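From first to last, the protein sequence lines stand for chains P and U. Residue numbers for the first sequence follow the numbering used here, beginning at 1300 and rising by one. Residue numbers for the second sequence follow the numbering used here, beginning at 2 and rising by one. Using N, Cα and C, we set each Cβ at its ideal position, and we do this for glycine too. In this text the structure is predicted, and so the values were computed from the model without any measurement. See structure below.
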Amino acid sequence: GAGVSQSPRYKVAKRGQDVALRCDPISGHVSLFWYQQALGQGPEFLTYFQNEAQLDKSGLPSDRFFAERPEGSVSTLKIQRTQKEDSAVYLCAPHRGAGRITGELFFGEGSRLTVL
Amino acid sequence: KQEVTQIPAALSVPEGENLVLNCSFTDSAIYNLQWFRQDPGKGLTSLLLIQSSQREQTSGRLNASLDKSSGRSTLYIAASQPGDSATYLCAVDSWGKLQFGAGTQVVVTP
């Protein structure tokens, strides 16, 4: 597949709860992207890492969203005090290149978050 | 700001007909364009990548064209099959990140 696993695949949270979503790419992926896909919509960019550096976080919708990739491999997207509008599928896409996307971007299966 | 539009939002065709899916974008300064397929409840499957210097790309029954100057790409699927039923999304690489359209939901009826 995409050479990446995401967990949990499904998460149900009560409004106000904190959640953490994990993206675990196989080794050798310098870049990593997070996207959010609301129901019936195309994915929207959230944030981009090059190794452990978060170079672009312009798509994070609020300061309740936080992402990290401390060792340049596994990445975690954390959402604090979840709200109903956070319900979406969160997709991760690792990429071997740095900077420009120099080839196809392959996505993980995603983590589906439902906030009640 | 790059805007990506896919029309129609939904399409139903009988099996055997050719599918034509449209994607338009507002900023022609793209690096590449990628077409994806998404089955219900699943992630994205990459179908084709067209570099900005290319005009088309083919893979089996799939053919994608790109006209940067007019801001358009078209995905053709020949001789559609019920297994082609899915949502098809296009995405443009605009300044290092993909901008997606909302997708076209395709149903191929037997």
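Exposure label - residue i; buried when at least 16 CB within 10 Å
i                : result
arginine 1411/P  : buried
glutamate 16/U   : exposed
proline 1342/P   : buried
tryptophan 96/U  : exposed
aspartate 40/U   : exposed
lysine 98/U      : buried
glycine 42/U     : exposed
leucine 1338/P   : exposed
threonine 1346/P : buried
valine 108/U     : exposed
valine 1311/P    : exposed
serine 81/U      : buried
CA nearest to the CA of residue i, picked from the options
i                    : options                                    : result
isoleucine 1378/P    : Glu1370/P, Gly1371/P, Tyr1389/P            : Tyr1389/P
arginine 1368/P      : Asp1362/P, Pro1360/P, Lys1356/P            : Lys1356/P
tyrosine 77/U        : Gln52/U, Asn23/U, Gly102/U                 : Asn23/U
asparagine 3/U       : Tyr32/U, Thr46/U, Ala65/U                  : It should be noted that the sequence gives glutamine, not asparagine, for residue 3/U. Looking at the Cα atoms, Tyr32/U is the closest of the given residues.
phenylalanine 1344/P : Ile1325/P, Ala1387/P, Gly1402/P, Gly1396/P : Ala1387/P
Assigned secondary structure, residue i (DSSP; H/G/I helix, E/B strand, else coil)
i             : result
proline 83/U  : helix
lysine 1377/P : strand
Alpha-carbon to alpha-carbon, residue j and residue i
i               : j                : result
tyrosine 89/U   : glycine 104/U    : 5 Å
glutamine 138/U : leucine 1376/P   : This structure gives no information on residue 138/U, because the portion of chain U shown stretches from 2 to 111.
arginine 1314/P : leucine 1415/P   : 6 Å
lysine 69/U     : leucine 34/U     : 10 Å
glutamine 100/U : leucine 49/U     : 16 Å
alanine 1352/P  : histidine 1328/P : 13 Å
valine 14/U     : serine 25/U      : 22 Å
glycine 1409/P  : aspartate 1323/P : 11 Å
threonine 27/U  : tyrosine 1309/P  : 35 Å
CB contact check: residue i to chain B, cutoff 9 Å
i            : result
glycine 97/U : In the structure shown, chain B does not exist; the protein chains are P and U.
What are the uninterrupted segments assigned as beta strand (DSSP E) that are 3 or more residues long and contained completely in the stretch 32-56 of chain U, given in chain order?
Listed in chain order, they are 33-39, 45-52.
Just to confirm the assignment: which complete beta strand (DSSP E) runs, minimum length 3, are found wholly within the stretch 1317-1362 of chain P?
Note on the stretch 1317-1362 of chain P: whole beta strand (DSSP E) runs with a minimum of 3 residues are 1318-1324, 1330-1336, 1343-1349, 1352-1355, in chain order.
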